Ligand code: HEC
Ligand code: HEC
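Numbering (this note's numbering), first residue to last: 10 to 463.
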C-alpha cells in the first residue's frame with residue numbers, strides 16, 4: 010500500500026498520524042490501535058472470501074422458484090396446520106420464525122419424536138443438498154419427507170389433492186400457477202384418504218426391499234395408495250411436487266440482511282475503519298482464529314460459512330440414541346428418489362442440470378458424515394449438531410478444542426485435529442460466531458398470510 014493511500018484513508022477517518030502496518034493490515038488509527046486485530050496476508054485473503062453473500066443461485070428444476078405468486082402460495086401452505094394428520098402442526102411448528110426458523114429442541118417433535126435436530130431454514134435456498142445426510146437434492150422434493158413421514162406431519166399426497174380442491178382460495182391460487190387440478194380431485198374414491206407411496210428407502214444389499222403389496226398389509230396409507238389407479242397416483246405426486254415448488258419459492262426468500270460481520274469485511278476490503286468497527290475486538294480475535302489456527306474454514310468456507318459437504322467430525326453417540334449412518338443413506342436415497350432432479354416432476358431432467366447427482370459415491374469414509382451447516386444463523390438456532398448435542402456455541406467450540414471420544418461409526422476425518430485455544434480464545438471464537446447473525450427477514454414473511462387477502 011502506498012503512502013498516498015494511507016494518507017487518503019487517514020483523511021477519510023479524520024486523523025493525521027497513521028501507523029503503517031504493512032500491506033496486509035487494516036489501516037489503524039493512532040487513537041485506538043488495540044481496537045483492531047491484525048490479520049496476516051493469508052488470514053485476510055481467506056476472510057475476504059467469506060462475504061458478501063452472493064445472489065440466490067438459479068434453480069432450474071423448479072420453473073416457479075422465483076415466481077412471486079408461487080412464493081405467496083408457498084407461504085400460505087407453510088403455515089397451514091391442515092397439512093398434518095392431527096391438523097395440529099405445520100412446517101412452522103419445527104421451523105418457527107421466532108426460534109431462528111428452527112424449534113429450539115434437541116431432537117424435533119412431530120406426531121412422534123424424531124431422531125434429528127431441526128435445521129434453520131435461513132439460507133436454505135443456497136444449499137446444494139438438504140437434510141443432515143443430504144437425501145434431497147432440491148427444496149421442492151424435500152417436502153415429501155416432513156409431509157408424509159408418519160412421525161412428522163403424517164399427511165398424504167392424496168389428502169393434499171383433496172385439501173387444495175376443497176379450499177377455494179388455495180385452489181384458485183394453485184390453478185393460476187400450475188394449471189388445473191387433476192380431474193376428480195374432490196373424489197375420495199379416486200384420491201383416497203391417507204393415500205401415499207412409501208418414502209424412498211436406502212437400498213440394502215443384504216435385504217430385498219419389500220413390495221408395495223407387502224407394505225400395504227401393515228400401513229393403511231400404503232393400502233390406500235395401492236387402491237388408486239396409476240394415473241391418479243402420478244397426478245397426486247404432481248400436486249405434491251408443485252406444492253413443494255411453491256414452498257421452495259417462499260423458502261428462497263428467507264435470506265437475512267447483512268450481519269455485522271459483513272459490514273466488517275466490507276470495511277476490510279475498502280480500508281474503512283468505520284465499517285470495521287462493526288466487530289468488537291473480541292469478535293475480531295475470534296475471526297482471526299476462525300480463518301487461521303482454528304482451521305474452521307477447512308469445512309465452513311464460502312460466504313455461507315459452509316461448503317455444504319459432508320464430514321465425520323466424530324461426535325460420540327450418547328447412550329440409547331438410535332443408530333444413524335448419516336451420509337451413505339443420504340446418497341443411496343437421493344439417487345433412487347423419483348422426485349430427484351432427474352425424475353418426472355423436475356423441470357430440468359437432463360444430466361447437465363444434475364451433475365451433482367452423477368458422481369455420488371459412498372464408501373467407508375462417508376459413514377458417520379453429516380452436512381457442515383451454515384454458521385450464519387447459528388446464534389439463534391441452538392441446540393447444535395445433527396443430534397442437538399450442544400446447547401451453546403461455547404460448547405461447540407470446546408468440542409473442537411478437545412475432540413473427545415470417537416465416532417460410533419466410520420472414522421473422524423484425519424484433517425480434523427484438536428485446536429489449541431485457551432478459555433479467552435474459546436469465548437472470542439464463540440463471540441465471532443454470534444456476529445454472523447444478519448438482519449431478520451421481513452416481518453411479512455414471518456407470519457401466515459392474512460387469509461382474507463387475495
Ligand atoms: C416435526 C418437525 C418438523 C416439521 C413439521 C417439518 N420439519 Fe423440516 N426438518 C425437521 C428436521 C428434524 C429436519 C432435519 C432432518 C434430517 O436431516 O434428517 C428438517 C429439515 C428440513 C430442511 C432441510 C434444511 C437443510 O439445511 O438441510 C428443510 C428445507 C425443511 N426441513 C423444510 C420443511 C418444510 C417445508 C416443512 C413443511 C412441509 C417442514 N420442514 C416440516 C423437522 C421438521
Ligand atoms: C472437518 C470439517 C469441519 C471442521 C474443520 C470444522 N467443522 Fe464445524 N461442523 C462440521 C460438520 C460436519 C458439522 C455438523 C456435524 C454433525 O451434526 O454431526 C459441523 C457443525 C458445526 C456447528 C454447529 C452448527 C449447527 O447449526 O448445528 C458449529 C457452530 C461449528 N461446526 C463451528 C465450527 C468451528 C468454530 C470450527 C473451527 C474450530 C469448525 N466448526 C471446524 C464440519 C467441520
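Just so you know, even glycine gets a beta-carbon here, dropped at the ideal spot from N, CA and C.
Since this is a predicted model, take the numbers as computed values, not measurements.
Taking 7 Å as the cut-off, is the CB of residue 138 close to at least one heavy atom of ligand 2?
Position 129 of the chain shown, counting from 1, holds the residue named residue 138. Incorrect: residue 138 has no Cβ contact closer than 7 Å to ligand 2.
Taking Cβ positions, are residue 350 and residue 363 nearer each other than 8 Å?
Within the chain shown, residue 350 is the residue found at index 341, counting from 1. Within the chain shown, residue 363 is the residue found at index 354, counting from 1. Closer than 8 Å, so yes.
Rounded to whole angstroms, what's the CA-CA distance from residue 93 to residue 52? Just pull it up for me.
Walking along the chain shown from the start, residue 93 turns up at place 84. Walking along the chain shown from the start, residue 52 turns up at place 43. Each residue's Cα considered, the two are about 48 Å apart.
Would you kindly work out how many angstroms separate the C-alpha atoms of residue 325 and residue 281, rounded to a whole number?
Along the chain shown, read from residue 1 onward, the residue named residue 325 stands at position 316. Along the chain shown, read from residue 1 onward, the residue named residue 281 stands at position 272. Their Cα atoms are separated by approximately 44 Å.
Please classify residue 195: is it buried, with 16 or more other beta-carbons within 10 angstroms of its beta-carbon, or exposed?
Here residue 195 refers to the residue found at position 186 when the chain shown is read from its first residue. By the neighbour-count rule (16 or more Cβ atoms within 10 Å), residue 195 is not buried but exposed.
Taking the C-alpha atoms as reference points, what is the distance between residue 279 and residue 54?
Residue mapping note: residue 279 aligns to position 270 of the chain shown, counting from 1. Residue mapping note: residue 54 aligns to position 45 of the chain shown, counting from 1. The straight-line gap from Cα to Cα measures roughly 13 Å.
Nearest CA to the CA of residue 109: which residue from 98, 122, 131 and 71?
As a position in the chain shown, residue 109 is number 100, starting the count at 1. With distances taken between Cα atoms, residue 109 lies closest to 131.
If you draw a straight line from the alpha carbon of residue 179 to that of residue 334, how long is it in whole angstroms?
Taking the chain shown and counting its residues from 1, one reaches residue 179 at position 170. Taking the chain shown and counting its residues from 1, one reaches residue 334 at position 325. Distance between the alpha carbons of residue 179 and residue 334: 39 Å.
Under 8 Å between the Cβ atoms of residue 256 and residue 152?
Numbered from its first residue, the chain shown carries residue 256 at position 247. Numbered from its first residue, the chain shown carries residue 152 at position 143. Yes, they are a contact pair.
When you measure from the CB of residue 322 to every non-hydrogen atom of ligand 1, does any distance come out below 7 Å?
As a working note, residue 322 is residue 313 in the chain shown. No, since every heavy atom of ligand 1 falls outside the 7 Å radius drawn around the Cβ of residue 322.
What residue from 154, 289 and 146 has the CA that sits closest to residue 166's CA?
Counting from one through the chain shown, the residue named residue 166 turns up at place 157. Here the closest residue by C-alpha is 154.
Hey, how far is the Cα of residue 455 from the Cα of residue 441?
As a position in the chain shown, residue 455 is number 446, starting the count at 1. As a position in the chain shown, residue 441 is number 432, starting the count at 1. Residue 455 and residue 441: Cα-Cα distance of roughly 26 Å.
Touch check for the stretch 157 to 175 and the stretch 405 to 418: three-plus C-beta pairs under 8 Å?
As far as the Cβ criterion goes, the stretch 157 to 175 does not touch the stretch 405 to 418, which means the pair count is below three.
So, for residue 86: in the same chain, excluding its five sequence neighbours on each side, which residues have a beta-carbon less than 7 Å away from its beta-carbon?
Within the chain shown, residue 86 is the residue found at index 77, counting from 1. Closer than 7 Å at the Cβ level, and outside the excluded window around residue 86, lie 92, 252, 255 and 256.
Identify whether residue 145 lies in helix, strand or coil by the three-state DSSP scheme.
On the chain shown, position 136 is the one that residue 145 refers to. Strand at residue 145.
Taking the CB atoms as reference points, tell me whether residue 343 and residue 366 lie closer together than 8 Å.
Counted from its first residue, the chain shown places residue 343 at position 334. Counted from its first residue, the chain shown places residue 366 at position 357. Yes. Within cutoff.
Between the beta-carbon of residue 470 and the beta-carbon of residue 346, is there less than 8 Å?
Since the first residue shown for the chain is 10 and the last is 463, residue 470 is missing from the structure and cannot be characterised.
So who's on the other strand from residue 111, going by DSSP bridges?
Mapped onto the chain shown, residue 111 falls at position 102. In DSSP, residue 111 forms a bridge with 105.
Within a Cβ cutoff of 8 Å, which residues of the same chain sit near residue 61, ignoring the five residues on either side of it in sequence?
On the chain shown, residue 61 is found 52 positions in, with the first residue counted as 1. Cβ within range, chain order: 267, 271, 274, 275 and 312.
What number of angstroms, rounded off, separates the C-alpha of residue 430 from the C-alpha of residue 377?
Sequence index remark: in the chain shown, residue 430 carries index 421 (1-based). Sequence index remark: in the chain shown, residue 377 carries index 368 (1-based). Going by the C-alpha atoms only, they are around 26 Å apart.
Rounded to a whole number of angstroms, what is the C-alpha to C-alpha distance between residue 399 and residue 391?
Within the chain shown, residue 399 is the residue found at index 390, counting from 1. Within the chain shown, residue 391 is the residue found at index 382, counting from 1. Using only the alpha carbons, I get a separation of about 8 Å.
When burial is assigned at 16 or more other CB atoms within 10 Å of the CB, is residue 397 buried or exposed?
Here residue 397 refers to the residue found at position 388 of the chain shown. Buried, since its Cβ has 16 or more Cβ neighbours within 10 Å.
Helix, strand or coil: how does DSSP classify residue 179 here?
Reading the chain shown from its first residue, position 170 is the one you call residue 179. Reduced to three states, the DSSP call for residue 179 is helix.
Since residue 401 is in the alpha helix (DSSP H), which residue starts that stretch and which ends it?
Translated into positions along the chain shown, residue 401 becomes position 392. Neither: residue 401 is in no alpha helix (DSSP H) and is coded neither H nor E.
By DSSP's criteria, residue 136 is part of a beta bridge. Which residues make up the other side?
In the chain shown, residue 136 corresponds to position 127, counting from 1. Answer is none; residue 136 lacks a bridge partner.
Taking 7 Å as the cut-off, is the beta-carbon of residue 326 closer than that to any non-hydrogen atom of ligand 2?
Locating residue 326 in the chain shown gives position 317, counting from the first residue. No.
Just the C-alpha distance for residue 458 and residue 432, rounded to the nearest angstrom, thanks.
Here residue 458 is taken as the residue at index 449 of the chain shown, counted from 1. Here residue 432 is taken as the residue at index 423 of the chain shown, counted from 1. Cα to Cα, the separation comes out at about 46 Å.
What separation, rounded to the nearest whole angstrom, lies between the Cα atoms of residue 125 and residue 211?
Position 116 of the chain shown, counted from the start, is the residue given in the question as residue 125. Position 202 of the chain shown, counted from the start, is the residue given in the question as residue 211. Residue 125 and residue 211: Cα-Cα distance of roughly 17 Å.
According to the neighbour-count rule (16 or more other Cβ atoms, all chains shown, within 10 Å of its Cβ), is residue 401 buried or exposed?
What you label residue 401 is simply residue 392 of the chain shown in a count that begins at 1. Exposed, by the Cβ-count rule.
Can you say whether residue 382 is buried or exposed, counting buried as having 16 or more other CB atoms within 10 angstroms of its CB?
Position 373 of the chain shown, counted from the start, is the residue given in the question as residue 382. The residue is buried, with at least 16 neighbouring Cβ atoms inside 10 Å.
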